[in-house]
Each structure stands twice: as C-alpha cells, then as structure tokens.
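The structure under discussion appears below in the form of structure tokens.
2 protein chains.
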Amino acid sequence: MDVQKQESQSNEQPPNKSKSNDNRRDDYWIGFDLGGTKMLAALLDAKLRVVERKRRKTKGHEGLDVGLKRIVATIESVLKEADVEPERLRGIGVGCPGPLDLKKGVIREAPNLGWVDAPVKEYLEDAFHCPVVVANDVDAGVFGEHALGAARGSHCTVGVFPGTGIGGGCVYQDRILQGKNSSCFEVGHIQVAPDGPLCGCGQQGCLESVASRLAIAAAAATAVFRGQAPHLREIAGTDVAEIRSGALAAAIEAGDDVIENIVSSAAEKIGVAVASLVHLVAPDTVVLGGGLVEAMPDLIVKTVRATARKRVLPSYKDTFKVVAAKLGDDATALGAASWARQLLCD
Amino acid sequence: MDVQKQESQSNEQPPNKSKSNDNRRDDYWIGFDLGGTKMLAALLDAKLRVVERKRRKTKGHEGLDVGLKRIVATIESVLKEADVEPERLRGIGVGCPGPLDLKKGVIREAPNLGWVDAPVKEYLEDAFHCPVVVANDVDAGVFGEHALGAARGSHCTVGVFPGTGIGGGCVYQDRILQGKNSSCFEVGHIQVAPDGPLCGCGQQGCLESVASRLAIAAAAATAVFRGQAPHLREIAGTDVAEIRSGALAAAIEAGDDVIENIVSSAAEKIGVAVASLVHLVAPDTVVLGGGLVEAMPDLIVKTVRATARKRVLPSYKDTFKVVAAKLGDDATALGAASWARQLLCD
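Protein sequences, first through last, are from chains U and G. Each residue of the first sequence is one higher than the one before, counting from 22 in the working numbering. Each residue of the second sequence is one higher than the one before, counting from 22 in the working numbering.
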C-alpha cells in the first residue's frame, strides 16, 4: 500500500497549515456507501463537491477479509483516478448496513453481506492514516439530504426510505439522532396495524410489513394473479422478485388502476406514520427517498403529504413539508463524508 | 413590588462573585408548575434542593390578568416564607400547558385555563428582574425525572404520562427534544389503532384514545354497567368522572378482575407504543408517571416493560429500562427550574 507513510508526511506540513485543520485548502474527504450489492466511493473536495466516484460490486459472500480489501482498493482507485495523493485525505465517512458499534466503528452483523464484527474503522484507519467515521447507511443518506440535498437548512429532518424494508433517519439540530452507541430511528418497525401482517422481524403490523416495496409487490402479485393488472402481468408477472419499482411505475402509467390503488394505499400508511413522527420530533422537513419514490415521486410524495397533513394536530399542520430526496444513489456516500467532516471539524 | 432594584443591586456584588455566575453560593431558582387546577411554586437552592413549596388554585376562569398576578403572588409568597430576597433569584422556569411560543415564552392557547397569548416570560421577567424560561409542562416533568429523579444519568429519557390524555416528553443528550419554537413528543397522538375510537383531537385511534385514564374509565364504566365490577360500582358507580386512578386501584385490590384486565390491556397498548419509541429514539430509560401509574405502579410498569421488551427488535431488547417516576407532583416544577438553570448556566 502506498499510504503507509502518510502520518509522518503530514507532520511535515508547514506549521501555519497544520495549526487549524480548516485552513487546508487541499483537504479531501472520502464518502463511502457499503451496500449489500454495490459499494460506492466518492471523493469530495473541501467544499464537499464530488470530484470523482467509483462503484464496484460488494461481493460480500467472498468473506470479510476480501471485502475489507475491496473497500480499500475502491478508495485507492478513486484517489488514483482523481490524481489525489492519499495523504491529502482529511477523513473518511462510511455508511454501513446492520447493527453497528458506532464508537468502535464495527459492523456487528450485516446479514446481507454475511459479515460479523467487521472492524471497518480500524481497518481503514490503518490503511489511510486518517480518521474514519462509521454511520448507519440510512442515517448517512438522511444526513446527506440535510447537508447537501432536499433538506438543507432544516432544524429537524426526518427521512423515510421505502425499499425492501423501510429505512428511516433523523437529523436533529444538525446531528444524526443516535442511540448511546448504535443507530436508531427504525421507522420500518413502528407498529401501525396491531393485527397486521407478519413482518420480517417476527412481529406483526410493522410499517414495513404493510408499506414497503416488498409489501406493495406482494399485493401487486396477488392482483396480477387475479387478472386485475394486465399490464403488470406483461411487464413482471406474478413473481414478487420481478415486481420492482420501475415495473410498478410502468404498469400504472399503462393503466393498471389497481396497482395505483395499491401504491397509494401504502403511501397513505406511510403518511399516517409520518404524522406520528411529526407529533414526536416535529421535523420541518420530511424527505422521502429510495427507488420506489424515485420511480413514482408525484404519486407517493403527494399522498404521504396529504395524509400526514390530515392526520396531525392542528398546531402541527403547517410546520412541515414533505419532499422527494435529491441526491439519489449518492446520498449515503455524500452524507457519510459530510457527517465525518462535521464530527471531525466542528 | 419590592424587587424593582434587583438589577442594580446585583451589580454591587463583589467582582470575584459576579465573574462566573456558577460561583454564587446564594443562587436560588424558582420552578413553577402552572396546572389547569393547581399551581405550584418551588424554591430551589443552588444545588437544586427544594427549600420551600407553595401551592394554590389556578382559577384560570378569573382571566389572564388575574392569573398572571396570582403566579407572581405565589412566587413572592414562597420567597417570603423561605426568607429569601427576590434579588437572589438567578432564574425562573415555568412548566406550562398548551401550545407555546418557546422563544417569546408565551402560552398561545391553554384551553383548560381559558387563556390565549399569555406572556408568561415577559410578565415574570418584569416582576422579578431575572431570566425566565418557559417549557411545556410534560417536557419539564420528564426533564425533572432526568435531572433529579428516576432517569438520572441517562443518555436519552422518554417519559410517558397517562392521565386524561397521554403526555410525553424526551430528553436527548441532556436537552429537551423540542421543535423549532414549540414542544413536541406528543406521544398521546401517535396512531396505534387505524380503526380505533375517536380521539379528543378529532382523529381515530390515537394512543390516548385507547390507553389514557379516561379511556380506561370509559371501559370500566361499561363493565360496571354490565354488572362485571361490583367493587367499582360501590366505589365510583358508572360515572367516568368519578372513576379516577384511586378508584380503579381500589377496585382491583378488592377483586374486580375485569378492571385489572382493562388496565392491563391499556398498559399493553402503551407498551407497544413504547416499543415504537425505542425503535425511534433509543432511550436507555423510559419513565412512566402520572396519577394512574402512581396508583398502580407495579401492574402498569411491569406490563409496559414486558410488552415493550417483547415487541422490539432483538438488538434493542436489553438497551432500555422502564421505571416509575419518582418526583410525583414536584416533577414539573423541579424540572422547569433545572431546565432553566441548564439553559442559563451551561
């Protein structure tokens, strides 16, 4: 590795530059999104503008050691393409799945990757000789929208990201709202239907059991099977694995009203949950993101907004807006970098 | 008023004492609980120990002007009884009902008092020439438990207080979790039953519509009417206004099993809501308080604890405790004083 000497090299910086870290004009940051199938390294300059991106398959099944090396190689590769020396890195932020030990920067368990006790922070600090901050991937995404995207300048941002499950995050007074040493704001597992369907977590009636893309796909597959959604039948058939956001959007566009009703009904449930979140943490901005929202932003954002506004106490009615996320697939990487910068520089 | 000169007098303090406010050994604080029926002024010393208390009826119906004067007179009276000059007050914290303008310290509307736009902060600052901090009464109570009661040293405290409604509050990293300029954490109005009973707020299935003392009393009155609760019939009859916490506890003690089932069932619903709160803000301590909990602490705390532990994701199971509040009727006044001290001294 060509970065082993970074620490001693950076000590050779002129004193006027090393005095205040914020004065270094050549600071760079890495934001890293460690996803179940893909990883993304983004190189950002001191003003958090993206200089370069590098995407690779995660290949978690190849094991933890190989995986950590792939992360390092991906970061090295993005640095190389941008012609930035590793010693110019001020810090690295990594958005990770699974329950985390935030202080140690360890992924305690990532079922999608098959990893247990992955020492992300320690490994990357050894490799790049700069501070590494680990955050939950959804939290990082919400922080990204707060710092650089759809929720800039907000006092309190709540993010809700429906996908296979429903992820959530909250940025309160410019900080990610976190537990003592772990992430929280598990919006997908608040109970919204006491006698609702079984959730992946083993409980009944969690929000994600009735309103995730997977829940929508299951209802849509049923409609296809019943012959109520001819367009979706052509596009995706009755296999829930094939009924992805794009297929749902295309079927609605083609005229499958029942699919529109299914998506609206899920969005209403998210809207009721958003109303509860408004009552609890009083966000001024609620950001909706993820593939489902990207495929049908108008339908979902409008339905969630209208339902939430109808469901809150009168004094909360005009206190929040509901908007679509802006950063797309970059959100977690950019958010992780911004969060690292905030923790390390503020 | 005998405090007009306070400001100039305090300027005559020796310089070594006025330099840091924390060094003044003679600092006193007023914590004030402005309730719908009673008001309580507590005088606290610099270590937040209660020196003196004074309780009066609020008599909100006599109007705002009379009410503000009663607040001042109650504070003057507690100072007088303790023989403490008003100029030794460092600050006043007031726990108030209703939607508040936190910055201006105004009660925007207090239906129980019949007051609109009550300038509490300005009025008391004019009267006592010291800083006044206004907070929501439940928030102040939860802060009191966090600072001086059942949740000392907690990273994140969630308080749930079932009464006529269900109040809630959250202290996150030693600060009351608040909206931009208003209180939040309206636990009573998160939806727990999509097709549940009509709530006082006009919506359906809010937590307080199924689990407040009023909801319990309604179910209990029905049981009495049906002849299923002979002891409660003797104690309180079928009038929901008479079926208060003490009556419920006495009926259970005397053997009305159906009443115990009704209370347990409500506590289970609170437990499910607590699980959602744990998923969202990851409290390490959940404090249950109010008259209902005080009358039946074992039954309610145990049921809420067991239900919440059963309902959370495995990684949250051992991250929180559920305990009964310790400060009783003092919570709001003591919390308001502690909160004022924290905001003014930290």
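Glycine is no exception: its CB is placed at the ideal position from the N, C-alpha and C atoms.
Three-state secondary structure assigned by DSSP to residue i
| i | result |
| --- | --- |
| G:Asn133 | coil |
| G:Gly226 | coil |
| G:Arg70 | coil |
| G:Pro183 | strand |
| G:Asn42 | For G:Asn42, the predicted structure reports a pLDDT of 44, less than 50, and the residue's modelled location is therefore unreliable. The matter cannot be settled from this model. |
| U:Asn202 | coil |
| G:Cys191 | strand |
| G:Asp367 | coil |
| U:Leu123 | coil |
| U:Gly174 | coil |
| U:Val261 | coil |
| U:Val213 | coil |
| G:Pro36 | In this prediction, G:Pro36 scores a pLDDT of 41, lower than 50, which makes its location untrustworthy; no coordinate-derived value is stated. |
Straight-line gap, residue i to residue j (C-alpha atoms, nearest Å)
| i | j | result |
| --- | --- | --- |
| G:Asn133 | G:Pro118 | 8 Å |
| G:Leu365 | G:Lys125 | 16 Å |
| G:Ala287 | U:Arg234 | 33 Å |
| U:Cys151 | U:Ser285 | 46 Å |
| U:Val343 | G:Ala270 | 45 Å |
| U:Glu263 | U:Ala257 | 5 Å |
| U:Asp43 | U:His167 | Residue placement at U:Asp43 is poorly supported in this model, since its pLDDT is 45, which falls under 50; the coordinates are not used for a value here. |
| U:Val159 | G:Ala250 | 51 Å |
| G:Leu169 | G:Gly56 | 21 Å |
| G:Thr340 | U:Asn157 | 18 Å |
| G:His252 | G:Thr243 | 14 Å |
| G:Gly88 | U:Ala161 | 49 Å |
| G:Val279 | G:Gln225 | 25 Å |
| G:Thr178 | G:Ala303 | 9 Å |
| U:Gly188 | G:Val299 | 15 Å |
| U:Glu207 | U:Glu274 | 32 Å |
| G:Thr349 | U:Asp367 | According to the sequence displayed, residue 349 of chain G carries Gly and not Thr. Straight-line Cα distance between these residues: approximately 40 Å. |
Residues bridged to residue i [DSSP beta-bridge criterion]
| i | result |
| --- | --- |
| G:Ala244 | BP columns for G:Ala244 are empty, so no partner. |
| U:Ala63 | U:Gly52, U:Arg74 |
| U:Gly310 | In the DSSP output, where bridge partners are listed per residue, U:Gly310 has none listed. |
| U:Val155 | U:Val115 |
| U:Arg19 | With chain U represented from 22 up to 367, any question about residue 19 of chain U goes unanswered, as that position is not in the structure. |
| G:Ile128 | G:Leu121, G:Ala139 |
| G:Arg234 | None; G:Arg234 has no bridge partner. |
First and last residue of the uninterrupted alpha helix (DSSP H) at residue i
| i | result |
| --- | --- |
| U:Tyr144 | 141-149 |
| G:Gly165 | 158-169 |
| U:Cys220 | Here U:Cys220 belongs to no alpha helix (DSSP H), and DSSP marks it neither H nor E. |
| G:Lys323 | 318-332 |
| U:Arg91 | 85-103 |
| G:Leu269 | 266-275 |
| G:Pro251 | 251-256 |
| G:His300 | 278-302 |
The beta strand (DSSP E) enclosing residue i, as first and last residue numbers
| i | result |
| --- | --- |
| U:Leu348 | First-last for U:Leu348: undefined, no H or E at that position. |
| U:Val115 | 110-117 |
Below-8 Å beta-carbon distance, residue i vs any chain C residue
| i | result |
| --- | --- |
| G:Ser266 | Among the chains of the structure shown, chain C does not appear; the protein chains present are U and G. |
According to a CB-to-CB cut-off of less than 8 Å, which residues of the region 340-362 of chain G neighbour chain U?
Thr340
Along the region 206-240 of chain U, where does the CB come closer than 8 Å to a CB of chain G? Name the residues.
Phe206, Glu207, Val208, His210, Ile211, Gln212, Val213, Ala214, Pro215, Cys222, Gln224
Residues of the region 104-123 of chain G with a CB closer than 8 Å to any CB of chain U: list them in chain order, please.
Pro120
Check each residue of the region 292-311 of chain U: if its Cβ is closer than 9 Å to any Cβ of chain G, include it; give the result in chain order.
Those would be Val293, Ala294, Ala296, Ser297, Leu298, Val299, His300, Leu301, Val302, Ala303, Pro304, Asp305, in chain order.
If contact means a Cβ-Cβ distance below 8 Å, which residues of the region 158-187 of chain U contact chain G?
His176, Cys177
Listed in chain order, which residues of the region 189-201 of chain U have Cβ atoms closer than 9 Å to some Cβ of chain G?
Of all residues in the region 189-201 of chain U, Gly189, Cys191, Tyr193, Gln194, Arg196, Leu198, Gln199, Gly200, Lys201 have a Cβ within less than 9 Å of some Cβ in chain G.
Output, in sequence order along the chain, the residues in the region 320-338 of chain U whose CB is closer than 9 Å to any CB in chain G.
Lys331, Arg332, Val333, Leu334, Pro335, Ser336, Tyr337
Pull out every residue of the region 277-292 of chain G whose Cβ sits closer than 9 Å to any Cβ of chain U, in chain order.
The residues in question are Lys290.
Mind checking the region 93-104 of chain U against chain G and listing, in chain order, the residues whose C-beta falls within less than 7 Å of any C-beta there?
none
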